[in-house]
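K.L.:
Per my numbering, residue 135 is the first one in the sequence shown, and the count goes up by one each step.
Below: one structure in structure tokens.
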Amino acid sequence: MNLLDRITIDPEICHGKPTIRGLRYPVDTILELLSAGMTSEEILADYEDLELEDILAVLQYATRLSQIKRIEPALV
């Protein structure tokens with residue numbers, strides 16, 4: 135399984151924000167926990183339905199977003 139397959143976007147879950155496997159854990163929440171200094175092990179202990187691969191998927195997703203060179207406005 136590709137790690138990025140663990141990141142889902144569904145307009146019915148968390149208002150369409152990227153989440154982990156549709157579990158209602160937004161990607162940005164996990165990034166905030168990591169940036170606040172929590173370790174992967176601490177996050178996994180607090181959120182027992184998450185797996186290490188989920189955290190790795192969040193980091194890979196954030197890496198891909200940071201590699202975007204330019205954002206174009208949507209044509210309406």
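Yeah, the Cβ is synthetic: ideal placement off N, Cα and C, and Gly gets one too.
Just the C-alpha distance for Glu182 and Ile205, rounded to the nearest angstrom, thanks.
P.N.:
As a first step, residue 182 is located in the sequence shown; it is residue number 48 there, counting from the start. As a first step, residue 205 is located in the sequence shown; it is residue number 71 there, counting from the start. C-alpha separation (whole angstroms): 36 angstroms.
K.L.:
With a 10 Å radius around its C-beta and 16 neighbouring C-beta atoms as the bar for buried, classify Arg198 as buried or exposed.
P.N.:
The sequence position of residue 198 within the sequence shown is 64, counting from 1. The residue is exposed, with fewer than 16 neighbouring Cβ atoms inside 10 Å.
K.L.:
What does the alpha-carbon distance come out to for the pair Glu146 and Thr153?
P.N.:
In the sequence shown, residue 146 corresponds to position 12, counting from 1. In the sequence shown, residue 153 corresponds to position 19, counting from 1. Each residue's alpha carbon lies about 11 angstroms from the other.
K.L.:
Apply the 10 Å Cβ neighbour rule to Ile164 and answer buried if 16 or more other Cβ atoms are within range, or exposed otherwise.
P.N.:
Taking the first residue of the sequence shown as position 1, residue 164 is located at position 30. Its Cβ being crowded by 16 or more others within 10 Å, Ile164 is buried.
K.L.:
Helix, strand or coil: how does DSSP classify Thr153 here?
P.N.:
To locate residue 153, count along the sequence shown from 1; it is residue 19. Thr153 falls in the strand class under three-state DSSP.
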